[in-house]
Structures are given as structure tokens and as C-alpha cells.
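What follows is one structure encoded as C-alpha cells, with my remarks underneath.
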Amino acid sequence: LERSTNSFSYSSYHTLEEIYSWIDNFVMEHSDIVSKIQIGNSFENQSILVLKFSTGGSRHPAIWIDTGIHSREWITHATGIWTANKIVSDYGKDRVLTDILNAMDIFIELVTNPDGFAFTHSMNRLWRKNKSIRPGIFCIGVDLNRNWKSGFGGNGSNSNPCSETYHGPSPQSEPEVAAIVNFITAHGNFKALISIHSYSQMLMYPYGRLLEPVSNQRELYDLAKDAVEALYKVHGIEYIFGSISTTLYVASGITVDWAYDSGIKYAFSFELRDTGQYGFLLPATQIIPTAQETWMALRTIMEHTLNHPY
Amino acid sequence: QMNFTGDQVLRVLAKDEKQLSLLGDLEGLKPQKVDFWRGPARPSLPVDMRVPFSELKDIKAYLESHGLAYSIMIKDIQVLLDEERQAMAKSRR
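Sequence lines, in order, name chains E and G.
Using the working numbering, read the first sequence as starting at 91 and increasing by one per residue.
Using the working numbering, read the second sequence as starting at 10 and increasing by one per residue.
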């Protein structure tokens with residue numbers, strides 16, 4: 091295991107143990123600004139960890155970022171790690187980020203589905219769901235991005251436990267989802283939530299479960315447009331943007347719909363590189379360019395959140 | 010580690026809703042045989058699906074019999090997985 095974040099390769103994919111070890115070192119090396127919070131345990135009893143970036147103060151407005159809810163989307167975990175490092179590197183140097191962190195806290199959950207992620211390394215690289223099992227049900231796992239209490243069980247989710255989009259027996263039945271719901275609800279002051287997936291090169295906002303536009307659709311549309319323009323300027327990669335249901339497909343019980351319905355006005359979902367040449371098997375050589383461009387889009391959303399308090 | 014030798018990712022372009030529905034039927038017919046990387050959504054969006062080597066002949070025949078045009082996006086998934094593992098091992102060294 092790599093013992094210092096200096097020797098950690100940000101341009102490689104890593105196992106769960108390596109990432110958790112990196113988190114411990116990272117928190118130790120940047121204890122003035124970063125802390126680690128365990129928000130729960132997974133079905134197989136792995137710790138569910140969140141990095142908190144904060145310059146102090148109590149109950150600051152906050153921004154949530156999660157990566158890896160679908161375990162096979164390895165580029166998202168790698169992008170999250172690079173992003174965490176970018177935040178500590180740029181704080182005090184980048185005026186926009188410094189302003190954001192002086193007023194708000196940022197929370198990043200790097201491995202949202204730890205059991206599934208470990209399984210992609212040990213057994214099945216293409217595993218998507220978590221690893222929960224239930225008596226009498228032959229197939230394993232629930233799609234954690236269909237398990238939220240917002241249109242649960244509706245179109246774009248599946249009641250067949252063998253389906254890759256199985257929504258689970260009830261809303262928030264999965265400990266990985268319940269942990270986030272409990273944490274965000276207890277905190278009570280999240281202003282933005284960004285859930286990162288791959289692939290397809292898209293930036294989207296609610297709703298997934300409905301074709302009807304949300305009440306601040308114009309604002310979200312304009313912000314998404316600004317974010318993908320900032321992203322494009324880095325490496326010339328084009329993203330499409332819009333609501334989830336009109337850009338990708340109708341999907342119910344998803345993270346960003348729950349966030350929006352819970353009062354988090356700036357709720358976005360990314361689908362990172364590529365558009366299908368490699369799909370979930372994006373070469374590690376693309377980690378850093380992907381993270382660099384994604385950072386500019388994230389920064390745009392966070393800056394807007396800072397400048398538009400509610 | 011599961012082996013994916015010979016598994017392919019096919020990209021299918023449905024012309025209309027009827028063809029999309031035929032693709033959607035595949036998940037119901039073979040939920041553990043066809044893994045949608047990008048599921049059927051609307052005709053303007055391509056559908057990507059991983060098909061195990063053992064099912065390739067049947068699935069391609071199904072697509073062709075219904076007039077669904079497809080191309081091969083990834084010819085052999087295991088080749089990419091081997092490259093990925095080698096890159097990780099090299100990085101660790």
C-alpha cells in the first residue's frame with residue numbers, strides 16, 4: 091500500500107484498500123482543512139467514508155459530491171480522488187475556490203458503493219449494483235441509483251432482482267443510500283449535490299422521473315451550459331446537457347431527484363468520459379485529463395452556489 | 010476474476026420506438042445475459058450492450074432478424090481488462 095499521498099499515483103486506478111489508505115494519509119497530511127467522517131457501514135460492513143473540507147465555523151452551507159455509486163465506473167472514483175487533492179492544493183491560491191471554502195464546506199464521498207467496488211477488483215470488473223442479499227432471492231444486489239425515496243419504483247427502474255436497475259424492496263432499503271440520506275438530512279444545510287457517474291459525457295439536472303421541468307429549470311439549464319463550456323475549454327471535450335429525463339432517459343428513485351425534492355436546489359449528475367469507445371473501461375491515461383476538465387465544471391457549479399444563496 | 014474473453018460491446022441504433030421496444034425486450038428475455046451499458050431510451054441515443062461470447066450468435070441473429078443495425082464498439086472485453094490490470098501492476102511497481 092502506498093504510504094504517503096506524495097507517492098500516490100493519481101493517474102492510476104486503485105483498490106478499495108489503497109483508496110482508504112490514501113484517505114487516512116490525506117487527512118493526516120491536511121488536517122487543517124480535511125477530516126474524515128464515517129457515515130455508516132455497507133451491507134458487507136465496510137466503512138462508508140466522507141471527506142469533509144472545511145475552514146472552520148459551524149453548520150456552514152455545504153456542497154455534496156459523490157462518486158462511484160455504480161462500482162464499475164472506475165473513472166469516477168479516480169476523478170474524485172484527484173478532485174480532493176486539487177481542493178487542498180488550490181485553497182489559498184485559486185480565488186474562487188478559496189472564497190467557496192471560506193464560506194462553505196465541501197463533502198466528498200469517494201467510494202459510495204464500497205462492496206461493489208471491492209467486488210469489481212476481486213471478481214467481476216463489470217459489477218454495477220451493491221452486494222446485498224435477501225432470503226429467497228437468487229440474484230444479488232440493488233441498483234443504488236434507483237433506491238432513493240423519490241418516485242421509487244417508477245419508470246426506468248426494475249422490480250426484477252436480477253435486473254441491473256433493480257430498485258430494491260423499499261426506498262432507502264440499502265445501507266449505502268440510507269447513510270447518505272441520514273447524513274444530509276441531519277446536517278440540514280446542503281445547498282448543492284453533485285453525483286458523478288460515467289459514461290456518455292453529459293451534465294444533467296432533475297428530474298429523472300418526470301418529463302416536466304423543475305421550477306428553476308432555466309437557472310439549472312444556464313448553469314449547466316456554463317459548466318460544460320468551462321469543461322470544454324480544458325481539453326476540447328464536448329458534453330451535452332439538460333434534464334435527466336429528456337437528455338438520457340426516464341429514471342426513478344435516483345439521487346438527484348431525491349436531493350431536489352429534499353430542498354437542494356442545485357442538484358446535478360455527471361456522466362464522465364467517454365462516449366463508448368472504452369465505456370466503463372476508460373484507460374488510466376485519461377484519468378487526469380478527465381479530472382482536470384470535470385474540476386472546471388464542478389468549480390463553476392460551486393461558484394454559482396456560493397453567489398446565489400437561498 | 011471473471012473472464013470476459015470474446016465478450017463484445019455492441020452499439021445498436023434503433024430507428025423508432027418499435028425497435029427500441031425490441032431492444033428493451035432483450036432485458037426481459039435474458040436479464041443476466043445482456044448487460045446494457047447504455048439502455049434503450051430514445052431513437053436518437055445509441056444503445057450499448059455487453060453480450061457474452063456464448064450469446065453473441067443468438068443476439069446478433071435477433072438484431073438482424075428485426076432489422077436492427079449494430080456495430081461492434083469493443084471487440085473483446087478481456088483484452089481491455091488485461092491492459093487495465095497490467096497498467097495497475099506497472100503503476101504499483
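Built from N, CA and C at the ideal position, the CB exists for glycine as well.
None of the values given here were measured: they were computed from a predicted structure.
Extent of the continuous alpha helix (DSSP H) run through A320/E
307-325
By the DSSP assignment, the alpha helix (DSSP H) with I86/G in it spans what residues?
86-101
When you compare the CB of D57/G with every CB in chain E, is at least one pair closer than 8 Å?
Judged by the 8 Å Cβ criterion, D57/G is in contact with chain E.
Using only the alpha-carbon positions, how far apart do H75/G and N279/E sit?
52 Å
Counting only C-beta atoms, is G93/G closer than 8 Å to chain E at any point?
First, the residue type needs correcting, since residue 93/G is Glu and not Gly in the sequence shown. True, the Cβ-Cβ gap to chain E drops below 8 Å.
State the Cα-Cα distance for the pair G206/E and R218/E, rounded to the nearest angstrom.
7 Å
For R47/G, write down the residues that DSSP places opposite it in a beta bridge.
D57/G
So, with DSSP's three-state summary, where would you put Y79/G?
strand
I'd like the list of long-range same chain contacts for L216/E, defined as Cβ closer than 7 Å, with 5 residues on each side in sequence excluded.
R162, F370
Which residues of chain G have a Cβ atom closer than 7 Å to the Cβ of F370/E, listed in chain order?
W46
Under 7 Å from the C-beta of E73/G: neighbouring residues of chain E
Within 7 Å Cβ-Cβ: nothing; E73/G doesn't reach chain E, min ~21 Å.
Determine the direct distance from the alpha carbon of L187/E to that of I177/E, and round the result to whole angstroms.
8 Å
Endpoints, the alpha helix (DSSP H) within which V18/G is located
Unbroken run through V18/G is the beta strand (DSSP E), 17-22; no alpha helix (DSSP H).
By the DSSP assignment, the alpha helix (DSSP H) with H277/E in it spans what residues?
From DSSP, the alpha helix (DSSP H) with H277/E extends over 265-277.
Does the Cβ of Q95/G have 16 or more other Cβ atoms within 10 Å, making it buried, or fewer, making it exposed?
exposed
Going by C-alpha to C-alpha distance, which of S260/E, I334/E, H150/E, H167/E sits closest to S101/E?
H167/E
Measuring only the C-alpha atoms, how far is D156/E from I171/E?
Computed Cα separation, rounded: 11 Å.
L91/E (DSSP reduced to helix, strand or coil)
At L91/E the pLDDT is 47, less than 50, meaning the model places this residue with poor confidence; the figure from the coordinates comes in the next sentence. In this structure, L91/E counts as coil in the three-state DSSP scheme.
Who are the near neighbours of E93/G in its chain, counting only those whose CB is closer than 7 Å to its CB and skipping five residues on each side?
none
Rounded to whole angstroms, how far is the Cβ of V103/G from the Cβ of I83/G, which I believe are closer than 8 Å?
Lying outside 10 to 102, the shown extent of chain G, residue 103/G is not represented and no answer is given.
Would you please state the rounded distance, in angstroms, between the beta carbons of F358/E and L300/E? I believe it to be under 8 Å.
A Cβ-Cβ distance of about 17 Å is found for the pair F358/E and L300/E, leaving them out of contact under the 8 Å criterion.
Taking H287/E as part of the beta strand (DSSP E), name the residues at either end of that continuous run.
280-288
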